[in-house]
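K.L.:
In the working numbering, the protein residues as written are 1 to 129. Glycine included, every Cβ here is placed at the ideal spot set by N, Cα and C. In this text, all values refer to a predicted model and were calculated from it rather than measured experimentally. This is the structure, below, for whatever I ask next.
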């Protein structure tokens with residue numbers, strides 16, 4: 001199975017890694033079962049960095065290392081061409097950032113993983129993922 005992780009899933013992973021470190025654990029954190037390929041986008045990584053900067057008062061080097069650690073085993077999708085479908089989703093009420101995540105999942109034929117119920121419902125209604 002191939003899945004696309006949106007920003008809120010990446011943020012949750014980053015928080016868990018941080019809690020794991022603060023708790024003093026050195027063990028490896030396995031979030032996904034074997035056989036699951038995880039993907040995200042440069043867009044999601046940028047959003048992650050922005051959210052971590054906003055919500056945690058750490059040195060920038062700590063945030064940078066946390067982002068790198070969080071995405072170290074995730075394949076990063078770098079290019080995406082937005083099309084009329086994306087614009088149509090936004091016109092129909094989907095948040096612009098969510099439309100970009102949904103488009104990545106659609107274009108690369110990935111299952112969307114998100115904690116955003118509204119986004120998941122929209123994707124299901126539109127038979128995207």
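(1) Could you pull the start and end residues of the beta strand (DSSP E) that residue 77 belongs to?
(2) Write down every uninterrupted run of the beta strand (DSSP E) in the stretch 87-116 whose length is 3 residues or greater and which is fully enclosed by it, in chain order.
(3) Tell whether a beta-carbon distance below 9 Å holds between residue 6 and residue 109.
(4) Could you pull out every residue in the same chain whose Cβ sits closer than 8 Å to the Cβ of residue 67, ignoring the five residues on either side in sequence?
(5) May I ask you to report which of helix, strand or coil DSSP gives residue 64?
(6) Should residue 70 be labelled buried (16 or more other beta-carbon atoms within 10 Å of its own) or exposed?
(7) Just tell me which of 99, 80, 81 has its CA closest to the CA of residue 89.
(8) Could you pull the start and end residues of the alpha helix (DSSP H) that residue 22 belongs to?
(9) Which residue wins for smallest C-alpha separation from residue 105, given the options 72, 73, 38?
(10) I need the DSSP call for residue 34, collapsed to helix, strand or coil.
P.N.:
Result, derived from the coordinates:
(1) For residue 77, the enclosing beta strand (DSSP E) stretches over residues 75-77.
(2) Taking 3 residues as the shortest admissible run, the stretch 87-116 contains the following complete beta strand (DSSP E) segments, listed from N- to C-terminal end: 111-113.
(3) Not in contact: residue 6 and residue 109 (Cβ atoms no closer than 9 Å).
(4) Close CB contacts of residue 67 within its chain, under the 8 Å cut and outside five residues either way in sequence, are with 14, 45, 48, 49, 52 (chain order).
(5) When secondary structure is reduced to three states using DSSP, residue 64 falls in the helix class.
(6) Answer is buried; the Cβ neighbour count reaches 16.
(7) Nearest Cα to residue 89 within the set 99, 80, 81: 99.
(8) Start and end: 7-22.
(9) When only C-alpha atoms are compared, the closest one is 38.
(10) The answer is coil: DSSP assigns residue 34 none of H, G, I, E or B.
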